[in-house]
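**Student:**
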Amino acid sequence: MGKSTLPLLFVFLLHVSASWAASDPLFNTISQCVSAQAKLQSGEVSKILVAKDSPSYTSVLQNYIRNARFNTSATPKPVIIVTPTAESHVSAAVVCAKKSRIQIRIRSGGHDYEGVSYVSDVAFIIIDMFNLRSIDIDLKTQTAWVQTGATLGELYYSISQKSNTLGFPAGVCPTVGVGGHISGGGYGFLIRKFGLTTDNVVNAKIVDVQGRILDRKSMGEDLFWAIRGGGGASFGVILSFQIRLVTLPPTISVFRLERYLEENATDIVVKYQQVAPTTDENLFMRMLVQPVDSKVKKGEKTVRITIIAEFQGDANTLVALLGKEFPELGLKKGDIAEMSWIQSVLWWNQIPNGTAPSVLLERNVNDADFVRRKSDYLKTPIPRAGLESLWTKIVAIGKPGLVFNPYGGKMNQIPPTATPFAHRAGFLFKIQHSITWSEPGPEEEQLHTSEIRQLHNALTPYVSQNPRSAYLNYRDFDIGISQKGTYEEGKVYGEKYFNQNFDRLVQVKTEVDPENFFRNQQSIPTRSKA
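Residue numbering for the sequence shown is -21 to -1, 1 to 509, as defined by mature numbering (1 follows the signal peptide of the UniProt record, and there is no 0).
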């Protein structure tokens, strides 16, 4: 089937949704309530409500499942999917779900690693924001209003069509949804220059538990603080963010270098840990650590180090900088490519040079591997002996790898209480533990989950402690979940994600959602039991 026929088929299937759901009492109740709240005709409401027995239900549900672990017949499914096309539809859905005493999940791009935005162990409705994707850029103020159903790729493309000098500091993956990315903190290759994604938010619009649509002024500074790194889904449904765009140089330099243990990889990692968080804030150097087949000893495994970097400036300046600070890397001008910011976005995604930026508009729906992720933070470098021990364990475990993302620069200048994201000065690196597989089945999941847990355990002596800090957008149920919605349950994972900011988040939550309607397996709890 050609791409051009899909939107027409989708609209047709949504049109017939109501007739398929005529025998469902809950659907009828929600449908009538949404119609009344949003002042819609019956034909209009059928376009935004998708019942479980609708022919479009499966495709709508699966389109934004970005982790195949949660795309199985055993995965709990929503009783209704709401696909709003106007802000009033979101408000109506919240009011009507609350009246019906049914939980909601809010899906922006579907990249939550534990499926929190579209899975629940109790009856639930999904509010799927994919239709709310408008992007309004104001070059005069260098700001943009972005609806939370937009993707990062759509945002980057829109900026590039308006300006050759402006950009935005957010994540690498173009299909990530704006809503979850920003509300959970968000970061990318501009983090050391401009801070987190959420550090560059100046306003927002949210639907609260009463169905009111609030902006920064009407929601108040406490709630505005909470949704910039504390996770929006604990407090309401975020409709849009107003972001501050940043000015970038015309020339950006990038490089990718690999080294194996059989070369001088350990020496490079020792020096990398000193340089990456302290060097010029215009330079971001990510490091991958992966078990691979040895090129020297056939049939044996080794560890490969890959440094992937972006510098806000030209190649000559970068070569001089690292020649002085990091000579062990042996960077030469021939290793570097110079390009524009929007071209660098494509480069990070390994999209061939010369590809039109419009490729960023592709959403690649219903496309997912099986993935598990974990996170850690380094406050002191891992010593050489520790690295050598770690290499042995990585080779023995066999599949999962690590991604080191350096902090420093702007991150050191922003107080840890400025937003809920507390990992600022004193934190050298965020580490992502990563494993991806393609074979379905519980045995495969059990095997690879065990592997990534082993790697997580291997890092224990070297990472932050009391609490062992974690990153909200690398969602991980192993660090704790909430079953009863209590403060005590929430504190277990909340202090890992938010450190000293957890109790302030609880205070805001208790004020704006005292009955704990907006909740999930790792939401912010209220002070009293839900």
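Cβ coordinates follow ideal geometry from the N, Cα and C atoms, glycine included.
Looking only at its chain, what residues have a beta carbon closer than 7 Å to the beta carbon of A244, apart from the 5 residues adjacent to it on each side?
**Tutor:** Closer than 7 Å at Cβ, skipping near neighbours: R238, V282, I284.
**Student:** Residues in the same chain with beta-carbon distance under 6 Å from K312, minus the five sequence neighbours each way, listed in chain order, please.
**Tutor:** Cβ neighbours of K312 beyond the five flanking positions: A294, V298.
**Student:** Express the C-alpha separation of Q41 and V58 in angstroms, rounding to a whole number.
**Tutor:** Roughly 14 Å between the two C-alpha positions.
**Student:** With distances taken from CA atoms, which of T127, T122, H90 is nearest residue 524?
**Tutor:** There is simply no residue 524 to check, as the chain begins at -21 and stops at 509 in what is shown.
**Student:** Can you tell me where the beta strand (DSSP E) with T8 in it begins and where it stops?
**Tutor:** First-last for T8: 4 to 17, but that is the alpha helix (DSSP H), not the beta strand (DSSP E).
**Student:** For the alpha helix (DSSP H) containing P421, name the first residue and the last one.
**Tutor:** Taken as a continuous stretch (DSSP letters only), the alpha helix (DSSP H) holding P421 covers 421 to 437.
**Student:** Check L40 in the structure and name its three-state DSSP category.
**Tutor:** Reduced to three states, the DSSP call for L40 is helix.
**Student:** Report yes or no: do three or more beta-carbon pairs, one from the region 248 to 260 and one from the region 301 to 309, lie closer than 8 Å?
**Tutor:** With the cut-off at 8 Å, the region 248 to 260 and the region 301 to 309 touch.
**Student:** Whose CA, out of T258, I104, A335, lies closest to the CA of G302?
**Tutor:** Nearest C-alpha to G302: T258.
**Student:** Just verifying my parser: in three-state terms, what is the DSSP assignment at G209?
**Tutor:** In this structure, G209 counts as coil in the three-state DSSP scheme.
**Student:** Within a Cβ cutoff of 6 Å, which residues of the same chain sit near F481, ignoring the five residues on either side of it in sequence?
**Tutor:** G473, E474.
**Student:** By how many angstroms is the C-alpha of P228 removed from the C-alpha of A129?
**Tutor:** Their backbone Cα atoms lie some 26 Å apart in a straight line.
**Student:** Counting along the chain, where does the beta strand (DSSP E) carrying F383 start and finish?
**Tutor:** Residues 380 to 385.
**Student:** Determine the direct distance from the alpha carbon of F109 to that of W370, and round the result to whole angstroms.
**Tutor:** So the alpha carbons of these two residues sit roughly 42 Å apart.
**Student:** What are the boundary residues of the beta strand (DSSP E) that T245 is part of?
**Tutor:** No beta strand (DSSP E) holds T245; the alpha helix (DSSP H) holding it covers 244 to 254.
**Student:** Counting Cβ pairs, one atom from each stretch, are 3 or more of them under 8 Å apart for the region 45 to 61 and the region 342 to 357?
**Tutor:** Touching, per the Cβ criterion.
**Student:** In its own chain, which residues sit with a C-beta less than 7 Å from the C-beta of V125, not counting the 5 before and 5 after it?
**Tutor:** Within the same chain, V125 has close Cβ partners I114, L134, V157, S219, F220, I222.
**Student:** Quick one: does L301 have its CB under 8 Å from some CB of chain D?
**Tutor:** Here there is only one protein chain, and chain D is not present.
**Student:** Pull up the distance between the alpha-carbon of G388 and that of L262, whole angstroms please.
**Tutor:** Rounded to whole angstroms, G388 to L262 spans 9 Å at the Cα level.
**Student:** Let me confirm a value: L193 is counted as buried when at least 16 other C-beta atoms fall within 10 Å, else exposed. Which label applies?
**Tutor:** Buried, because 16 or more other Cβ atoms sit within 10 Å of the Cβ of L193.
**Student:** From which residue to which residue does the alpha helix (DSSP H) around E418 run?
**Tutor:** Unbroken run through E418: none, as it is neither H nor E.
**Student:** Give the C-beta separation of residue 557 and P331 to the nearest angstrom, bearing in mind that I take them to be a contact with Cβ-Cβ under 8 Å.
**Tutor:** There is no way to answer for residue 557, as the model of the chain reaches only from -21 to 509.
**Student:** What is the DSSP secondary structure of Q500, reduced to helix, strand or coil?
**Tutor:** If DSSP states are grouped into helix, strand and coil, Q500 belongs with coil.
**Student:** When you compare each of T359, G165, A71, S142 to N452 by their alpha carbons, which one comes out closest?
**Tutor:** If we check each option's Cα against that of N452, G165 comes out closest.
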